[in-house]
Amino acid sequence: MSIATSTPAADAPLRIVRHDAVFHIELNRPQARNPLGAEMIAALGAAIDEAEADRTVRALLFTAAGDAFSAGGNLGNLQERLQAPAGPDGKDPIAAGNRLYGDFLARLASSDKVSVAAVQGPAMGGGAGLVCAADISIGVTSARFGFPEAAIGLVPGQILPFVAARIGVQAARRLMLTGDRIDGAEAHRLGLLDHLVQDTAELATRTRAILDSVLACGPAASAGTKQLLRRIANRVDGQGSDLARYLDEASTLFARQMRTEAVEGVAAARDRRKPEWAVSAAI
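Numbered per the numbering used here, the sequence shown spans residues 1 to 283.
What follows is the structure, encoded as structure tokens:
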């Protein structure tokens, strides 16, 4: 299988290409390391809408332009977000915005289409969450993965169910409570990556082979298998009510942290200093 390419609009957050039964979604903000800001998340949601509406689409392929897969959430507009007024329902706008990414990941994880993430570079925070929500992941040894949210006073609530489902609660606990970065080999050992390759050339070759294998399976059989796997994993019920309640609670907690500890955490990260709460262990 070959993967077609196209030229997106200069300001398009995503590059979307249909090639036969594969719906290829490429994160397309390489100059900013493909941050998951509001525009990118809205574009991802629209892409899922388009793919789900087309019965001939059988596989979703996620890639990224540039050296990084995704740096995660965009905190460059922190002050603007802190000052945004509440919506008509009175809900904190930060919580509402945060919740949108959980909606996208939930839709991706519950899609009947088989999703593949091909990771050519660092995937942090929400970027790593996207990799975890995909059905099959492949990455290069030089890629880096991590969950730096707690280190800047935030909580990775929207991605946590998908990360824990892929690598287990204890591994998620270790990575999220320390902010440690891991390389592709460790990500493969933990199960965050299903396939490990040496470079981008091998990444392209292996990705094509994986997609060929996916498309060799019966589409209805694959969709039914995914449905049963979701039930076994006890992820959500048919209406997604359990996960929806969790993601609502997580978005509220995220907003609270954004308005408190994260103000100092983000400032410290920008100033390249330790946040005021960072102390050395006296042992």
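We put the beta carbon where it would ideally sit given N, CA and C, even for glycine. Quick caveat: nothing in here was measured; it's all calculated off a predicted structure.
Using the Cα positions of residue i and residue j, report the straight-line distance between them to the nearest angstrom.
i           : j           : result
residue 154 : residue 70  : 18 angstroms
residue 177 : residue 280 : 16 angstroms
residue 109 : residue 28  : 22 angstroms
residue 297 : residue 92  : This structure cannot speak to residue 297, because the chain is shown only from 1 to 283.
residue 95  : residue 77  : 15 angstroms
residue 184 : residue 89  : 43 angstroms
residue 102 : residue 199 : 31 angstroms
residue 16  : residue 50  : 10 angstroms
residue 255 : residue 22  : 36 angstroms
residue 47  : residue 20  : 16 angstroms
residue 6   : residue 128 : With a pLDDT of 49 at residue 6, under the threshold of 50, the modelled position of that residue is not reliable, and the figure given next carries that caveat. Roughly 25 angstroms between the two C-alpha positions.
residue 220 : residue 55  : 11 angstroms
residue 162 : residue 175 : 14 angstroms
residue 151 : residue 179 : 6 angstroms
residue 267 : residue 140 : 32 angstroms
residue 14  : residue 33  : 13 angstroms
residue 261 : residue 167 : 28 angstroms
residue 239 : residue 228 : Because residue 239 sits at a pLDDT of 46, beneath the cut-off of 50, its placement in the model cannot be relied upon, and the following sentence gives the value as read from the coordinates. Those two C-alpha atoms are separated by around 15 angstroms.
residue 80  : residue 224 : 44 angstroms
residue 39  : residue 283 : 46 angstroms
residue 170 : residue 232 : 19 angstroms
residue 123 : residue 86  : 31 angstroms
residue 263 : residue 197 : 39 angstroms
Which class does residue i belong to by DSSP, given the choice of helix, strand or coil?
i           : result
residue 172 : helix
residue 56  : coil
residue 46  : helix
residue 250 : helix
residue 225 : helix
residue 201 : helix
residue 26  : strand
residue 210 : helix
residue 139 : strand
residue 146 : strand
residue 41  : helix
residue 283 : coil
residue 18  : strand
residue 275 : coil
residue 72  : strand
residue 64  : strand
residue 219 : helix
residue 351 : For the chain, the structure presents residues 1 to 283; residue 351 sits outside this window and is missing.
Considering only the alpha carbon of each residue, which of the options lies closest to residue i?
i           : options               : result
residue 138 : 41, 191 and 247       : 191
residue 148 : 141, 142, 140 and 159 : 159
residue 67  : 166, 76, 263 and 31   : 31
residue 181 : 142, 217 and 25       : 142
residue 203 : 102, 118, 100 and 42  : 118
residue 59  : 121, 136 and 44       : 136
residue 116 : 62, 222 and 57        : 62
residue 188 : 144, 11 and 126       : 144
residue 120 : 83, 53, 157 and 205   : 205
residue 18  : 214, 80 and 57        : 57
residue 104 : 170, 244 and 210      : 244
residue 84  : 73, 97, 72 and 222    : 97
residue 212 : 259, 26 and 114       : 114
Need the endpoints of the beta strand (DSSP E) that residue i sits in, please.
i           : result
residue 167 : Premise fails: residue 167 lies in the alpha helix (DSSP H), 160-167, not in any beta strand (DSSP E).
residue 183 : 181-183
Would you list, in sequence order, the uninterrupted beta strand (DSSP E) runs of no fewer than 3 residues that lie entirely inside the region 82-131? DSSP runs (the beta strand (DSSP E)) wholly in the region 82-131: 114-119.
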